[in-house]
Amino acid sequence: MSEKEERITNEIKKIVAELNMQPHPEGGYYVETYRSPMEIPGKDRQLMTSIYFLLTSDNVSNFHRIKSDELWFHHAGSPITVHLLNEEQGHVEIKVGSNVLNGEHPQALVKGGEIFGSSVDVENSYALVSCVVAPGFDFQDFELFKRVDLVSQFPNHHEIITRLTAE
């Protein structure tokens, strides 16, 4: 391991420990930072939730879907690429990062019902972001996709689907 790789690995370990993060089912690490005390009238659902999410370049966030809108905010590290799959545009990439003059966006929206995953494309690095979900996130709404299902739905995007699915 190079000196840079060791430094980044130690930095990641410190951030994960400092923020009390745990492995996320879709890949990476997360910790819930806020769950609104307000609920949607007539539903058992908070108005909003928020997490810190850390993804490394040697991992991906697998393609998944939730019912609510999700806003992503970049905090530290390299940019993170949010990959969207939809019938109208096929595969769309949004670079979430702090270098606006290089085509990155400090925040990005994933609309409820969209299929998405993410990756950190700079080698030996990580991205720390916040994800704010409204109405609030509930794991009952979390749908993780299988490779075979996405390839049959989006056959022209086999490469990114293979990269962002476990099976």
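Numbered continuously in my numbering, the sequence shown closes out at residue 200. For each residue, glycine too, the CB sits at the ideal point set by N, CA and C. Keep in mind it's a predicted model, so treat the numbers as computed, not measured.
Restricting to runs no shorter than 3 residues, where is the beta strand (DSSP E) found entirely within the segment 56-130? As for any beta strand (DSSP E) of minimum length 3 sitting wholly inside the segment 56-130, the runs are 62-68, 82-89, 93-98, 102-110, 113-119, 123-129, ordered along the chain.
Hey, out of Gln-173, Thr-195, Asn-157, whose CA is closest to Met-34's CA? That would be Asn-157, whose Cα lies nearest to the Cα of Met-34.
Alpha-carbon spacing of Met-54 relative to Gly-61, whole angstroms: Pairing Met-54 with Gly-61, the inter-Cα distance amounts to about 9 Å.
Glu-51 to Asp-171, Cα distance in whole Å? C-alpha of Glu-51 to C-alpha of Asp-171: approximately 25 Å in a straight line.
Between the beta-carbon of Val-162 and the beta-carbon of Phe-86, is there less than 7 Å? Yes, the pair counts as a contact, with Cβ atoms nearer than the cut-off.
CA-to-CA distance, Ile-113 to Ser-131, given in whole angstroms: Straight across, the Cα-Cα distance linking Ser-131 with Ile-113 is about 10 Å.
Which first and last residues belong to the alpha helix (DSSP H) in which Ala-50 is found? From DSSP, the alpha helix (DSSP H) with Ala-50 extends over 36-51.
Span of the alpha helix (DSSP H), counted from its first residue to its last, around Gln-186: Gln-186 -> alpha helix (DSSP H) spans 180-186.
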